[in-house]
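Chains Z, X, H and R, in that order, are what the protein sequence lines are. Reminder that position 98 of the first sequence reads as 98 in this note's numbering, one-by-one numbering, no gaps. Reminder that position 122 of the second sequence reads as 1122 in this note's numbering, one-by-one numbering, no gaps. Reminder that position 159 of the third sequence reads as 2159 in this note's numbering, one-by-one numbering, no gaps. Reminder that position 292 of the fourth sequence reads as 3292 in this note's numbering, one-by-one numbering, no gaps. Shown next, in structure tokens, is the structure this report addresses.
Protein chains: 4
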Amino acid sequence: MKIGFIGLGNMGAPMASNLLKAGHELTVFDLMQDAVDKAVSEGATAAADIPTVARSGAELIITMLPAARHVKGVYLDEDGLLAHVPKGVHLIDSSTIDPMTARDVAAKAAAQGNPMLDAPVSGGTGGAQAGTLTFMVGGEDQEFAFARPVLENMGRNIVHCGAAGNGQVAKMANNMLLGISMIGAAEAMSLGVSMGMDPEVLAGVINTSSGRCWSTDTYNPYPGVIETAPSNRGYTGGFGMDLMIKDLGLATEAAKATGQPVVMGGLAQQLYQSMSFEGHGHLDFSAIIKRYMKDEE
Amino acid sequence: MKIGFIGLGNMGAPMASNLLKAGHELTVFDLMQDAVDKAVSEGATAAADIPTVARSGAELIITMLPAARHVKGVYLDEDGLLAHVPKGVHLIDSSTIDPMTARDVAAKAAAQGNPMLDAPVSGGTGGAQAGTLTFMVGGEDQEFAFARPVLENMGRNIVHCGAAGNGQVAKMANNMLLGISMIGAAEAMSLGVSMGMDPEVLAGVINTSSGRCWSTDTYNPYPGVIETAPSNRGYTGGFGMDLMIKDLGLATEAAKATGQPVVMGGLAQQLYQSMSFEGHGHLDFSAIIKRYMKDEE
Amino acid sequence: MKIGFIGLGNMGAPMASNLLKAGHELTVFDLMQDAVDKAVSEGATAAADIPTVARSGAELIITMLPAARHVKGVYLDEDGLLAHVPKGVHLIDSSTIDPMTARDVAAKAAAQGNPMLDAPVSGGTGGAQAGTLTFMVGGEDQEFAFARPVLENMGRNIVHCGAAGNGQVAKMANNMLLGISMIGAAEAMSLGVSMGMDPEVLAGVINTSSGRCWSTDTYNPYPGVIETAPSNRGYTGGFGMDLMIKDLGLATEAAKATGQPVVMGGLAQQLYQSMSFEGHGHLDFSAIIKRYMKDEE
Amino acid sequence: MKIGFIGLGNMGAPMASNLLKAGHELTVFDLMQDAVDKAVSEGATAAADIPTVARSGAELIITMLPAARHVKGVYLDEDGLLAHVPKGVHLIDSSTIDPMTARDVAAKAAAQGNPMLDAPVSGGTGGAQAGTLTFMVGGEDQEFAFARPVLENMGRNIVHCGAAGNGQVAKMANNMLLGISMIGAAEAMSLGVSMGMDPEVLAGVINTSSGRCWSTDTYNPYPGVIETAPSNRGYTGGFGMDLMIKDLGLATEAAKATGQPVVMGGLAQQLYQSMSFEGHGHLDFSAIIKRYMKDEE
């Protein structure tokens, strides 16, 4: 398929590579020339600007951008996609942004005859490279059916979450819960160990009991419990704390906009912010446990 | 085996029944005559007081009591177990209490030649009746080996958590994390649904992602998601909110005693307390989601 | 002085009245015709649109608008103030908005030769009518000196808080602290009374001790303590809870933008949001004490 | 008057000195011989044990002890006051403990004919030395009238808070609010300064507005604002963070016992605990602002 791809950052670049490997024809755009050059060396065609991508003959255009303001710019500016893309071209935005913006852009696209999906991902740069991302997709059934095969070239788990914006809602809700349960895991592990338990034994009990969660059985923040977790490599790699803060910010903003309280979500955002404020924002988010461990402090 | 059993409440009564069914000879004591009568009708022998249980010739005495002050009374009073039990008799306390008291009582018992285990349970009254409780056990290896077969007559999952008191530590840490992740689950589910997602679809996404936890995949607080969860029967049955408040109180007390912070644990305690204050303490603890759902309020 | 005034809502209307009473010549604009008619009946001249106000010959234009998006619209749109106002005309925005937007608009105004102040107020509609508002003003010294006499026609306490945007910063910081200490006051009063103290005696102790704050000595949330407080009239009038939520939202947003943690500020926002979610957002913000009082629930 | 005095620690020693200076005849007891020697050098008579104080002919016995367990021991043990004091001797406990224990001990004393007051103090060691303490007193009117002149020898502000235990309730409620508003002050000051405000200007605005509290106008945690505050001497002296943690622990315990939620109180306890955990417990409690200041970290 002829595909346009805008946004070749840490996530977008390996996603584009996987599309090229799957045999698609790609026209790409990014502000960083290095990123464009690398994609071209893998077989992509470079476009000089966004309107060129829009009019490249692509049947589908995918965007992968850092935040809502970039999505608004790329889609809604005078020199943006919507002003230049031919009717009928399909659009997928894989950026992680607030659902309100996602719905607004999708509605404008649909109104001019461009069906659009929001399809944020989880799985990190590792998943992007390995092609094992999870895509949480919001939009029409038939549009989801159309996009699925392409998304499967980049991910393993493609989930339809309902109407436009629901991909963002699902990711936001999941990550808020993740942010909360990681702090809960950090507090429970640290409390238990401070009172004399062996961390592996404690994790064993929790992981077969009602406290069990991904943050204890797969990504345990206490060093020495899960071999593959960032806690075993100095909290490097993984899911950066500042990204968790961004996602919790999306959740609390969305909650504010709908008048929904998120008491623990709000506290979690502040506790990670406090750690980042003290200089730990570049570490994996499970480094929040440093707040609760004497030796690590 | 000849066994003494003190405390025939909602949990103790079915536990004693299961020991009788397994063929043990039981001498029982409780302040409630009805509870004693029922045990006697199942084959137990009634004791008039605690010293009588102590001197009944039992090789092992099990206690199942509401709180630390009862444990102190039953074990340490002048008319209590330690003052009257022959040297060498084994002791197991299955009450859920703070680790400091558990360790103190166990040390006093050991000092006079009575090896003691703390063995709090999870699984509720349903698990007590079905004999499928989980026992979290603290104490010496050889003592654990001795007690295990008896505990297996009452439970399915018998976990050795380390030295004396560690059974309490493990339960406390697990339940604190459970209390936190349930509120996280309630907030994430409510936020997602309030923004347009179907609750089952949302639970499906979370349960295959990093937000996954027992509170979402087994005991989801949103009605209609997990058929067997209390959320599908008006939050009746299950694990009472006031019991969760008790367990969070044990965790924050223990944390205070050791100088360990538990920021989310402390907030969780207050949020459940706030719901109980408004009259919901008798409901299952997952009813905390009422705080976040418009229609339920 | 010839003054333009845009925004004749609950606050703007009485502010404009006080300027008219002080002898100024006013050209006014609002989308609500009723509000305009009333101002005209008091001696103002109506303008058909914003450019008309801009070119009315006013030496100073004051705006009083609900939120940042209205401020951006009124100042920055094609038909907005900056596009039409003659060089040298002074500008004052009395809306309560985030400091980043305030600084952005002020910088754009200054760049084209229109000195601008941000001057949010406290004191509520009562203070607006009585002309006793407090103005927290951000901007240049000479501009503050120019504006002060006009602001004194509308308020009693005119405070220069530093450079552009600092008026907003001061109000935001003050109101965040207010939101926190009001919940603290509600918890302390309710706890003390629930344990047997007379509310007036308790307030008396606190107000002469280290817990003393405006929320206890002037605006005590416990009914019967301060005669003039909203707690004595069913939490009507006063400073609406939804406005407090808005201000706490500004504070947490600003904190997020600067990477500053506000742990209690974030929790306060969520606790008021939770009360508003249950239908109490129209009450005075001190009604948060209903969460802590049995009889009021 | 002949007075017995038990507990000559940092607070008790200067209180006893002031009683001696006022001309009272003192019989004292403390476990630390140094403290006793010093009191004797000032004119007191040493007692060998608590029963000796009880039977020394004192008309009134005052105790000043670290925590509830010491109060229980001194009053209720076999060798304690109640077992040996003659009927009619007046008792005052100035320790800061939970209201439940205070009421329990007072009821036992009253039952055997010894009227008792709880009279915890505020004002710190400075106030104890200067004789300017505040006494918050719980107990009968006539007993308060009897004790007042003696308390006035040690303090300046003697407040009757109602029936037995209410002195403790008042102190607990006040200090919980203090602990909350200090964190609020720290967050508000730091947020404002991080966004460009001068700390003195910001404090000036707050102190004439609705955010005003003792923590901003008398004890501001931001260095350079209030000359006499601990923030201007490296957070030394003042009211130790670990003492604030103790008082917040009393408040959350009391709230738990009465089923009252204290959401912010619980969070405040954990936030101070977190700072103490990192080694700052010996500093003045206003050092919580270090959590929010870049340069101080």
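Even for Gly, the Cβ is constructed at its ideal location relative to N, Cα and C. These numbers were taken from a predicted model, which means no experiment stands behind them.
Self-check item: Three-way DSSP call (helix, strand, coil) for X/L1250 in this model
Solution: It is helical.
Practice problem: Show which residues of chain X have a CB atom less than 7 Å away from the CB atom of H/R2291. | Solution: Residues of chain X passing the Cβ test: S1274.
Exercise. Quick one: which unbroken beta strand (DSSP E) runs of 3-plus residues sit fully inside the segment 238-289 of chain Z? Chain order, please.
Key: As far as the segment 238-289 of chain Z is concerned, it has no whole beta strand (DSSP E) run of at least 3 residues.
Quiz item: Nearest to H/A2058 by CA position, among H/L2026, H/A2119 and H/I2288, is which residue?
Solution: By alpha-carbon distance to H/A2058, the top candidate from H/L2026, H/A2119 and H/I2288 is H/L2026.
Quiz item: With distances taken from CA atoms, which of X/K1038, X/I1092 and X/L1081 is nearest X/L1060?
Solution: For X/L1060, the nearest C-alpha among the options comes from X/I1092.
Quiz item: Mapping DSSP to helix, strand and coil, what is H/E2025?
Solution: The answer is strand: DSSP assigns H/E2025 an E or B state.
Exercise. Would you check if the distance between the CB atom of X/I1289 and the CB atom of X/S1190 is smaller than 8 Å?
Key: Taking 8 Å as the cut-off, the beta carbon of X/I1289 is found closer than this to the beta carbon of X/S1190.
Exercise. Measure the beta-carbon distance from H/F2239 to H/F2277 and round it to whole angstroms, keeping in mind my assumption that it falls under 8 Å.
Key: So it is not a contact: roughly 19 Å between Cβ atoms.
Exercise. Give a yes or no on whether the minimum CB-CB distance between X/N1166 and chain Z is below 8 Å.
Key: Yes, its Cβ sits closer than 8 Å to a Cβ of chain Z.
Quiz item: So is X/Q1260 in contact with chain R if we call contact Cβ pairs under 8 Å?
Solution: Contacts with chain R at 8 Å (Cβ-Cβ) include X/Q1260.
Self-check item: Contacts around Z/T218, its chain only, beta-carbon distance under 7 Å, and the 5 residues preceding and following it disregarded
Solution: Closer than 7 Å at Cβ, skipping near neighbours: I226.
Practice problem: Could you list which residues in chain R have their beta carbon closer than 9 Å to that of X/F1285, in chain order? | Solution: Per Cβ cutoff of 9 Å: no residues; X/F1285 is ~15 Å from chain R at best.
Exercise. Check whether the Cβ atoms of R/P3115 and R/E3152 lie closer than 8 Å to each other.
Key: In this structure, R/E3152 does not lie closer than 8 Å to R/P3115 by Cβ.
Exercise. Select from Z/L250, Z/Q260 and Z/L177 the residue whose C-alpha is nearest the C-alpha of X/S1194.
Key: Of Z/L250, Z/Q260 and Z/L177, the residue nearest in Cα terms is Z/Q260.
Quiz item: Since Z/Q270 meets chain H, which of its residues come closer than 9 Å, beta carbon to beta carbon?
Solution: Simply T2252, A2255, P2261, V2262, V2263, M2264, G2265, G2266 and L2267.
Quiz prompt | Endpoints, the beta strand (DSSP E) within which R/L3151 is located | solution = No beta strand (DSSP E) holds R/L3151; the alpha helix (DSSP H) holding it covers D3141 to E3152.
Quiz item: What residue from H/M2172, H/D2034, H/E2187 and H/A2102 has the CA that sits closest to H/A2163's CA?
Solution: Of H/M2172, H/D2034, H/E2187 and H/A2102, the residue nearest in Cα terms is H/A2102.
Exercise. Quick one: measure Cβ to Cβ for Z/L267 and H/G2266, integer angstroms, because I've assumed they're closer than 8 Å.
Key: Yes, Z/L267 and H/G2266 are in contact; Cβ-Cβ is about 6 Å, under 8 Å.
Practice problem: Name the one or two DSSP bridge partners that X/C1213 has. | Solution: For X/C1213, which the question treats as bridged, DSSP gives the partners Z/C213.
Quiz item: Is it right to say X/A1044 is buried, meaning 16 or more other beta carbons lie within 10 angstroms of its own, or is it exposed?
Solution: With 16 or more other Cβ atoms within 10 Å, it is buried.
Quiz item: With 16 as the cutoff for other CB atoms within 10 Å, does H/L2283 come out buried or exposed?
Solution: H/L2283 should be labelled buried.
Exercise. State whether the segment 2192-2211 of chain H contacts the segment 2122-2140 of chain H, with contact taken as three or more CB pairs (one from each stretch) at a distance under 8 Å.
Key: Judged by Cβ distances under 8 Å, the segment 2192-2211 of chain H makes no contact with the segment 2122-2140 of chain H, as fewer than three pairs qualify.
Exercise. Note down, in chain order, all residues in the segment 180-206 of chain Z with a beta-carbon under 8 Å from any beta-carbon belonging to chain X.
Key: Flagged, chain order: I180, S181, I183, G184, A185, E187, A188, M189, S190, L191, G192, S194, M195, G196, M197, D198, V201, L202, G204, V205 and I206.
Quiz item: Quick one: which chain R residues come within Cβ less than 7 Å of X/G1073?
Solution: When 7 Å is used as the limit between beta carbons, X/G1073 is near no residue of chain R, the shortest such separation being about 16 Å.
Self-check item: Whole-angstrom distance between R/G3155 and R/A3054, CA atom to CA atom
Solution: In this structure, the CA atom of R/A3054 is about 24 Å from the CA atom of R/G3155.
Self-check item: Residue of Z/L19, Z/D247, Z/F5 and Z/M293 minimising C-alpha distance to Z/V150
Solution: Closest option to Z/V150, Cα to Cα, is Z/L19.
Quiz item: Applying a beta-carbon distance threshold of less than 9 Å, which residues of chain X neighbour Z/N174?
Solution: Result: A1188, G1192, L1202, V1205, I1206, S1209, S1210, G1211 and R1212.
Exercise. For Z/G240, decide whether its Cβ has a neighbour in chain H, counting only Cβ atoms nearer than 8 Å.
Key: No, Z/G240 lies away from the interface with chain H (no Cβ there is under 8 Å from its Cβ).
Quiz item: Using a C-beta to C-beta distance shorter than 8 Å, which residues of chain R count as neighbours of X/G1249?
Solution: Going along chain R in sequence order, the residues near X/G1249 (Cβ under 8 Å) are K3256.
Exercise. Leaving aside the five residues before and after X/K1171 along the sequence, list all residues of the same chain whose C-beta is less than 7 Å from its C-beta, in chain order.
Key: Contacts found: T1096, P1120, S1122 and M1136.
Quiz item: How would you list, in chain order, the residues of chain R whose beta-carbon sits under 7 Å from the beta-carbon of H/L2177?
Solution: Here the neighbours are G3184, A3185, A3188, I3206 and G3211.
Exercise. Answer yes or no: does any C-beta atom of chain Z fall closer than 8 Å to that of X/N1220?
Key: So, not an interface residue.
Quiz item: Just by C-beta distance, which residues in the segment 3116-3128 of chain R are closer than 7 Å to chain H?
Solution: Under the 7 Å Cβ criterion, the segment 3116-3128 of chain R contributes S3122.
Exercise. Can you give me the Cβ contacts of X/E1296 inside the same chain, cut-off strictly under 6 Å, excluding the 5 residues immediately before and after it?
Key: At X/E1296 the pLDDT is 46, less than 50, meaning the model places this residue with poor confidence; the figure from the coordinates comes in the next sentence. Excluding residues within five positions, the ones whose Cβ falls inside 6 Å are K1290.
Exercise. In the DSSP assignment, find the unbroken beta strand (DSSP E) run with Z/I3 in it and report its ends.
Key: Looking at the DSSP string, the run of the beta strand (DSSP E) that includes Z/I3 is K2 to I6.
Practice problem: Note down, in chain order, every chain X residue with its Cβ under 7 Å from the Cβ of Z/A163. | Solution: Ordered by position in chain X, the residues that pass the 7 Å Cβ test against Z/A163 are G1196.
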